[in-house]
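Using the UniProt record's numbering, read the sequence shown as starting at 1 and increasing by one per residue.
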Amino acid sequence: MEVLISAGTDVNQQSYVGWTPLMVAVFVQNVESVKMLLKSKSNVNLCNEEGATALHWASKRANPEVIGLLLAAGASVKQQDIYGDTPLHYLAESENTSHQDIEAAVEMLLVAGSDLEARNSQGYTPFLRSILFDKLEVTRGLVTADCSVNVSNYRSQNGLHFAARYASLGLLHYLSDLGLSSINPYQEDSYGDTPFDDLVRISRATDEWGLEPCRRPGLAEQEAFVDLYQGIRDQALQNDVDNLKRVLGALQEQDIAVAREHLALLVEKEKRWERENLVSWYRAVDKRIQHAEWELATEDIEDHLLDLQEELTTPVWEIPSKHGYLWEFDDGESVSEEGSENSGDSDQQAVGEDDTQAVWE
1 MEVLISAGTD VNQQSYVGWT PLMVAVFVQN VESVKMLLKS KSNVNLCNEE GATALHWASK
61 RANPEVIGLL LAAGASVKQQ DIYGDTPLHY LAESENTSHQ DIEAAVEMLL VAGSDLEARN
121 SQGYTPFLRS ILFDKLEVTR GLVTADCSVN VSNYRSQNGL HFAARYASLG LLHYLSDLGL
181 SSINPYQEDS YGDTPFDDLV RISRATDEWG LEPCRRPGLA EQEAFVDLYQ GIRDQALQND
241 VDNLKRVLGA LQEQDIAVAR EHLALLVEKE KRWERENLVS WYRAVDKRIQ HAEWELATED
301 IEDHLLDLQE ELTTPVWEIP SKHGYLWEFD DGESVSEEGS ENSGDSDQQA VGEDDTQAVW
361 E
């Protein structure tokens, strides 16, 4: 390479798909070639035909040394490819499993001005992409950098949707340990599926067409997702129960201001979760409170409280999803028909059925 450069070779010559020598050197992680090309004034911000720069590929490799060299040479962290992906989005699919490399790469890109919450053309943040590609260390690195975990793409799919479809045991356990109480476990995507619907659908898919590009979850992965999902659901339900009890206490004291204050917290949460039916219901109760209709308001709150407490004591696998029950037994009965105490029996299995619904990324 040194001989060619000395002979006057154009270091910025691009291939028919737009790749430069610098991009190739970065891609194969040849650090000495990267240094030589940068010393020879290679343009670090040239793009290939898909709009990716050398920094995109260095980020995908999660190579801190190469990333540092490119940044020092003026590489842009904000450049988006034709799909709207920044270098940080590329990092989210890195095959590098070194926690140290990932954390260093994330920190370097952020210090250089990368947007931790940048969205690509489909609304994916780096955090969502890290779950989509089942990259535990990247997810960990992004969370350590304080990324938002309560995000959805433009199809209203949140992190739980992607965990149901793609996450392996390690990532599922990590997400469970995070205590993601702000994520809406009931969120329906643009196709009407909740995260639990997704898990059941791919668990029961009988052919590859009904499964791709998702992974087929084994029983251990199903159980891990159930633990994750139920933990988030139960925390959300418990928060609602606690707030409703505070409303009841205020109603017993006939304290309009305090009752409305706690009810307003429930209204705001349901607005964030876009559950307009509950927003309307809480507002109707609020009207009763404003008009000092103590008995009617109390009756409404008590009935709703009982419903939430019943749901809180019901395991998620006993509730049918849009695609049926998650688990069935050899005799064909669902878990709820057998009783939750049998959920760990050896004859429990995931049973497939025809599922012609398309699988989306």
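Virtual Cβ for every residue (Gly too), placed ideally from N, Cα, C.
So, for residue i: in the same chain, excluding its five sequence neighbours on each side, which residues have a beta-carbon less than 6 Å away from its beta-carbon?
i: S156; result: D189 and S190
i: S152; result: N158
i: L306; result: none
i: A104; result: P64
i: D240; result: L308
i: D81; result: E50, G51 and A52
i: E337; result: Its pLDDT being 42, under 50, E337 is placed unreliably in this model, and the coordinates cannot settle the point.
i: W360; result: Residue confidence is low: W360 scores 37 on pLDDT, short of 50, so the model does not pin down where it sits. Its coordinate-derived value is still stated next. There are no such residues.
i: T97; result: E137
i: C147; result: L116 and F127
Output needed for residue i: all residues of its chain with C-beta closer than 7 Å, excluding positions within five of it in sequence on either side, in chain order.
i: E49; result: V17 and G18
i: G339; result: Unreliable positioning characterises G339 in this predicted model, as indicated by a pLDDT of 42, which lies under 50. The coordinate reading is nonetheless provided below. Once the five neighbours on either side are set aside, G339 has no close Cβ partner at all.
i: H56; result: D81, P87 and Y90
i: A112; result: L71 and V77
i: V285; result: L263, A297, D300 and I301
i: N43; result: N12
i: G352; result: Since pLDDT at G352 reaches only 34, below the 50 mark, its modelled position is unreliable, and the value read off the structure follows with that caveat. Correct list, in chain order: R204, A205 and T206.
i: C214; result: R165, Y166, I202 and V359
i: Y154; result: Q122 and G123
i: V26; result: V34, A54, W57, A58 and V66
Let's see if you can read the secondary structure: which residues bound the alpha helix (DSSP H) around residue i?
i: W57; result: A54 to R61
i: I67; result: P64 to A72
i: L211; result: Per DSSP, L211 belongs to no alpha helix (DSSP H) and is neither H nor E.
i: I131; result: P126 to L132
i: D281; result: Per the sequence presented here, residue 281 reads as Trp, with Asp not at that position. Where W281 is concerned, the enclosing alpha helix (DSSP H) stretches over E276 to Q290.
i: K135; result: Here K135 belongs to no alpha helix (DSSP H), and DSSP marks it neither H nor E.
i: P315; result: That residue, P315, is in no alpha helix (DSSP H); it is neither H nor E in DSSP.
i: P195; result: P195 to S203
i: I82; result: First-last for I82: undefined, no H or E at that position.
i: S121; result: Careful: S121 lies outside any alpha helix (DSSP H) and carries neither H nor E.
i: I102; result: H99 to V111
i: Y174; result: L169 to L178
i: residue 398; result: Residue 398 is absent from the model: the chain starts at 1 and stops at 361.
i: E253; result: Element bounds for E253: n/a, residue is neither H nor E.
So, residue i versus residue j, is the Cβ gap smaller than 9 Å?
i: S181; j: A236; result: yes
i: K271; j: G192; result: no
i: L199; j: R233; result: no
i: D85; j: A52; result: yes
i: V149; j: F127; result: yes
i: G324; j: R204; result: yes
i: I301; j: L251; result: yes
i: L228; j: L142; result: no
i: A224; j: L169; result: yes
i: R61; j: S33; result: no
i: H262; j: R246; result: yes
i: V24; j: V66; result: no
i: W273; j: H304; result: no
i: L326; j: Q238; result: no
i: L171; j: I131; result: yes
i: V279; j: V267; result: yes
i: A92; j: R129; result: yes
i: W294; j: Q254; result: yes
i: N243; j: L219; result: no
i: P320; j: V226; result: no
Per DSSP, which residues does residue i bridge with? Please list them.
i: G324; result: S321
i: S152; result: N158
Between residue i and the ligand COA, is there a pair consisting of the residue's CB and a ligand heavy atom that are separated by less than 8 Å?
i: L110; result: No copy of the ligand COA occurs in the structure displayed, which carries no ligand at all.
Spatial neighbours of residue i within its chain, please: C-beta separation below 8 Å, excluding the five flanking residues on both sides.
i: R216; result: I202, S203 and A205
i: E107; result: A145
i: S114; result: V77, K78, T86, P87 and L88
i: P185; result: L160, T194, P195, F196, Y229, I232, R233 and A236
i: G68; result: M108
i: Y174; result: L136, T139 and R140
i: Q14; result: T20, L46 and N48
i: H99; result: E137, R140 and G141
i: L248; result: T298, I301, E302 and L305
- Sequence ranges, beta strand (DSSP E) only - wholly within the UniProt repeat "ANK" (17–49), length at least 3: Those beta strand (DSSP E) runs which fall completely within the UniProt repeat "ANK" (17–49) and span 3+ residues do not exist here.
Self-check item: Every unbroken alpha helix (DSSP H) within the segment 207–247, with a cutoff of 4 residues, ordered by chain
Solution: Taking only runs of at least 4 residues, no alpha helix (DSSP H) segment lies wholly in the segment 207–247.
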